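Undergrad: Just so you know, we're using this note's numbering here: the sequence shown kicks off at 9 and counts up by one.
Here a beta-carbon is modelled for each residue, glycine too, at the ideal position from N, C-alpha and C.
Since we're looking at a predicted model, the values are computed, not measured.
Structure incoming, see below.
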Amino acid sequence: MRLLVVADTHLRGTAPQGRRDDFFATCLAKLEEVVDLTESLGVDALLHLGDVFDRPDLAPGVVREFVLVLRRCRVPVYGIVGNHDVYGHNPDSLPRTLLGLVEALGGLRLLARGEVVWLGGGGDLSVQLTGAPFRYDIDSGDGEDYVVKKEAGADVAIHMAHGMLLEKPWVAGLDYTLIDRVAPRTEADLTLVGHYHLGYSRLPLQPVPGRLFANPGALVRLDASLPEITRHPQVLLVEVEGRGIRLRAIPLRSARPGEEVLDRSLIEAAAYRQKGLDDFIQRVRAAWDGRHLHSVEDVVMAIAAGEGYPEEVKVEALRRVGLARERLAAGGGGWP
Ligand SMILES: [Mn+2]
């Protein structure tokens, strides 16, 4: 049995900040390529790991174009709900979303938590498919949404999840679950994960013998960060033979090199502004010298003294601070 896996397509009609291309056209081209691959690779089903759409309320005309492409897919499409597909991270809002409408019209089949679907694929191979849609506390507990039981009669169990299931610790203070905590407990032979757009460093990871984990990464690059610029979007081919599973990453042909489609100037401008602010704070601290600064005027005086600025510069700075205060008091807002 062959399955094609895609994650985080974030289909939308408008371009995110930092994209140079016609993003809607790019989304359509990528979806077309995925549908073409289901045909050319002869897969039995297409699996989507969530965040099909970028928002729950995309324009119907935009969704229509995507549905027209998806309808060319001749194999069943199974998916799970991602956080972007629904309102307020709540899978229960699905019936009010456009993804819910697409499902109701038969565009794809979304698996609920705990639901089991059996994939036959001809012959006597029996593959158990389950899914864990995103929910707001998926990563705040013990990671139980990532742990499944293999049913009697299943040759292979495959579990799809949309959550921060990661190979190594991430940003402190944010919720995530480590694969090492899940691997010894789940009976899924293969756990397919979406949500973390950069994907795993290797495909698959196998922390425990016979327990494979794969995140192919998002199909689109939504920001111009360095890891995204160097990443080439890909899909994943899963081949199940007896009880064996083989994975192959397939880079998308329609994906352009990062430098062509992503514009770093906004990020660099923001970094430049941040550096200016850091320098400023640094200078205030240096000039502070143990004195208490109670107002913007104190800061101006401290910097002027610390840096030895001429009197007229200090007076001009204080004059502008005064003007800004007046403007704020009058409700105008903003600094000159
Ligand atoms: Mn996503």
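DSSP on T238, reduced to helix/strand/coil?
TA: Coil, per DSSP.
Undergrad: I believe V243 touches V13 by the beta-carbon criterion, under 8 Å. Please report the beta-carbon distance rounded to the nearest angstrom.
TA: Confirmed, Cβ separation roughly 6 Å.
Undergrad: I want to know whether the segment 216-228 touches the segment 193-204 - three or more CB-CB distances under 8 Å.
TA: At 8 Å Cβ cutoff, the stretches touch.
Undergrad: Looking at the structure shown, is R251 part of a helix, part of a strand, or coil, going by DSSP?
TA: It is coil, neither helix nor strand.
Undergrad: With H, G and I counted as helix, E and B as strand and the rest as coil, what does DSSP make of M309?
TA: Helix.
Undergrad: How about R117 and V83: are their beta carbons less than 8 Å apart?
TA: Not closer than 8 Å, so no.
Undergrad: If we ignore side chains and look at the alpha-carbon of each, how far apart do E152 and P64 end up?
TA: Those two C-alpha atoms are separated by around 26 Å.
Undergrad: Taking C-beta to C-beta, are A294 and G266 nearer than 8 Å?
TA: It is not a contact, given that the beta carbons lie outside the stated cut-off.
Undergrad: Taking its Cβ as the centre, do 16 or more other Cβ atoms sit within 10 Å of G330, making it buried, or is it exposed?
TA: So G330 ends up on the exposed side.
Undergrad: Quick check on R229: buried or exposed, where buried means 16 or more other Cβ atoms within 10 Å of its Cβ?
TA: Counting Cβ neighbours within 10 Å, R229 comes out buried, since at least 16 surround it.
Undergrad: Does the distance between the C-beta of A226 and the nearest non-hydrogen atom of ligand 1 fall short of 7 Å?
TA: Result yes, Cβ under 7 Å from ligand 1.
Undergrad: Is the CB-CB distance between I258 and L55 below 8 Å?
TA: Not a contact, by the Cβ cut-off of 8 Å.
Undergrad: What does DSSP give as the partner residue(s) for T138 in the beta ladder?
TA: Partner(s): V124 and H167.
Undergrad: Are there 16 or more other CB atoms within 10 angstroms of the CB of Y154, so buried, or fewer, so exposed?
TA: With 16 or more other Cβ atoms within 10 Å, it is buried.
Undergrad: Where does the unbroken alpha helix (DSSP H) through L36 begin, and where does it stop?
TA: L36 -> alpha helix (DSSP H) spans F31 to S48.
Undergrad: Nearest to G171 by alpha carbon, out of P241, T199, T105 and A165?
TA: Checking every option, the nearest Cα to that of G171 belongs to T199.
Undergrad: Using beta-carbon positions only, say whether C187 and E195 come within less than 8 Å of one another.
TA: In the sequence on display, residue 187 carries Ile and not Cys. No, the pair does not count as a contact, with Cβ atoms beyond the cut-off.
Undergrad: Using the DSSP secondary-structure output, state which residues sit across from H56 in a beta bridge.
TA: Bridge partners of H56: V14 and G87.
Undergrad: Where P344 and A332 are concerned, what is the direct C-alpha to C-alpha distance, given to the nearest angstrom?
TA: Per-residue confidence for P344 stands at a pLDDT of 44, beneath the threshold of 50, marking its modelled position as unreliable; the derived number appears in the next sentence. Near 6 Å, if we compare the C-alpha coordinates of A332 and P344.
Undergrad: Excluding the five sequence neighbours on either side, which residues of its own chain have a C-beta within less than 7 Å of the C-beta of E73, listed in chain order?
TA: Within the same chain, E73 has close Cβ partners L36.
Undergrad: Check the DSSP bridge columns for V243 and list the partner residues they point to.
TA: Answer is I258.
Undergrad: Out of curiosity, what's the CA-to-CA distance linking C81 and A279?
TA: C81 and A279: Cα-Cα distance of roughly 43 Å.
Undergrad: Enumerated in chain order, which unbroken segments of the beta strand (DSSP E) with a length of 3 residues or greater are wholly contained in the segment 143-207?
TA: With a minimum length of 3 residues, the continuous beta strand (DSSP E) runs that stay inside the segment 143-207 are 164-170 and 198-202.
Undergrad: At a cut-off of 7 Å, is G345 close to ligand 1 when judged by its beta-carbon and the heavy atoms of the ligand?
TA: No statement about residue 345 is possible, as the shown extent of the chain runs from 9 to 344 and does not include it.
Undergrad: Look up V329 in the DSSP assignment and say whether it is helix, strand or coil.
TA: Helix.
Undergrad: For the structure I just gave you, are there three or more beta carbon pairs, one from the segment 137-146 and one from the segment 108-117, closer than 8 Å?
TA: No, because fewer than three Cβ pairs between the segment 137-146 and the segment 108-117 fall closer than 8 Å, the two stretches do not touch.
Undergrad: When you compare only the Cα positions, how much space is there between R349 and T22?
TA: Residue 349 falls outside the range modelled here, since the chain spans only 9 to 344, and no answer is possible.
Undergrad: Quick check on this structure: which residue in I237, S233, L227 and H97 has the alpha carbon closest to the alpha carbon of R261?
TA: Of the candidates I237, S233, L227 and H97, the one whose C-alpha sits nearest the C-alpha of R261 is L227.
Undergrad: Could you check the C-alpha separation between S101 and L76 for me, to the nearest Å?
TA: One C-alpha to the other measures close to 24 Å.
Undergrad: Is the CB-CB distance between Q136 and I88 below 8 Å?
TA: Against a cut-off of 8 Å, the Cβ pair of I88 and Q136 comes out as no contact.
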